[in-house]
Each structure stands twice: as structure tokens, then as C-alpha cells.
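Taking it in order: structure first as C-alpha cells, then the write-up.
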Amino acid sequence: MLGLPPPGMPDTTLVTFNWRFLRKWSLLTTVGNTGTSILDVVWQHRY
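Okay, so the sequence shown: first residue is 228 according to the numbering used here, each after it adds one.
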């Protein structure tokens, strides 16, 4: 499929990648087959 998907068309496949680059920091990425993409940088503190 080329171009933008029609509004409301859900992804049928999602790929998630989690990379911990320091002890408390990680980078999470999710990419879908219809153009969805999410990028999060997470800092985690445990009590």
C-alpha cells in the first residue's frame, strides 16, 4: 500500500522494539503496517 491509509483503518501488524541504553533509560518504538509510529523515551525510578 502506498500513500496514506484512509481514516479509521486500524493496523493489522505492529512491531515493537525496546532498547535499554542506560540503567534507568530506555527507548521504545512501535511501528504499524498502515503508518502508525510511536517513539517513547522512558526514565524509570524504583523506590
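For each residue, glycine too, the CB sits at the ideal point set by N, CA and C.
**Prompt:** Mind checking whether residue 267 and residue 255 have CB atoms under 7 Å apart?
**Reply:** It is a contact, given that the beta carbons lie within the stated cut-off.
**Message:** Taking the alpha carbon of residue 233 as the reference point, which residue from 271, 263, 246 has its own alpha carbon closest?
**Reply:** The shortest C-alpha separation from residue 233 is found at 263.
**Prompt:** Is the distance from the Cβ of residue 261 to the Cβ of residue 243 below 7 Å?
**Reply:** No, these two residues do not count as a Cβ contact at 7 Å.
**Asked** Beta carbon of residue 271: closer than 6 Å to some heavy atom of the ligand ZN?
**Response** In the structure on display, the ligand ZN does not appear, and there are no ligands present to speak of.
**Request:** With distances taken Cα to Cα, identify the nearest neighbour of residue 241 among 253, 235, 265, 247.
**Result:** It is 265.
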